[in-house]
Amino acid sequence: MALTKHLFHKGCTKPAMVLGMPLLGFVLLFMVWVLLAMYSMTYATAPLAFLWTVLFLAACAWLRAISKTDGFAFSQKLLRVRLRSRNVNRVFWGAVSYSPLKRQKK
Numbered sequence: 004m005a006l007t008k009h010l011f012h013k014g015c016t017k018p019a020m021v022l023g024m025p026l027l028g029f030v031l032l033f034m035v036w037v038l039l040a041m042y043s044m045t046y047a048t049a050p051l052a053f054l055w056t057v058l059f060l061a062a063c064a065w066l067r068a069i070s071k072t073d074g075f076a077f078s079q080k081l082l083r084v085r086l087r088s089r090n091v092n093r094v095f096w097g098a099v100s101y102s103p104l105k106r107q108k109k
């Protein structure tokens, strides 16, 4: 019985992209930009809204640059932020550690 070669299609594993940016990152960035620009135009001045637009474009360029070689780079950065922000044992151990129980010093 001969072994058959199975092809692995990399396109099936690539995350959804919009203009070279991951869809999740683009949507989060776009929603924050819309809220900040809208409130800036309503309650502040137009130059502040323009500043948010420039920062939005810079953030889009950064998002596109980190996703150029690896489509999951943004997902990894987002996962790191999520895991480190809710780490309750950081103070107890003095480092990043994960356990199911909240530790308290005696």
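Using the working numbering, count along the sequence shown one by one with no gaps and you end on 109.
All residues carry an ideal CB built from backbone N, CA and C; glycine is no exception.
Here the structure is a predicted model, which means the values were calculated and not measured.
Do residue j and residue i come within 8 Å of each other at the CB atom, strictly closer than that value?
{"i": "V99", "j": "R93", "result": "yes"}
{"i": "F77", "j": "I69", "result": "yes"}
What are the start and end residues of the alpha helix (DSSP H) that includes residue i?
{"i": "T56", "result": "49-69"}
{"i": "A76", "result": "76-88"}
{"i": "T45", "result": "26-46"}
{"i": "V94", "result": "93-96"}
Using the rule of at least 16 other Cβ atoms within 10 Å of the residue's Cβ for burial, across every protein chain shown, is residue i buried or exposed?
{"i": "S88", "result": "exposed"}
{"i": "G28", "result": "buried"}
{"i": "F53", "result": "exposed"}
{"i": "A40", "result": "buried"}
{"i": "M137", "result": "Absent from the model: residue 137. The displayed extent of the chain is 4 to 109, so no value can be given."}
{"i": "W96", "result": "exposed"}
Since residue i sits in a beta bridge, which residues does DSSP pair it with?
{"i": "V21", "result": "M24"}
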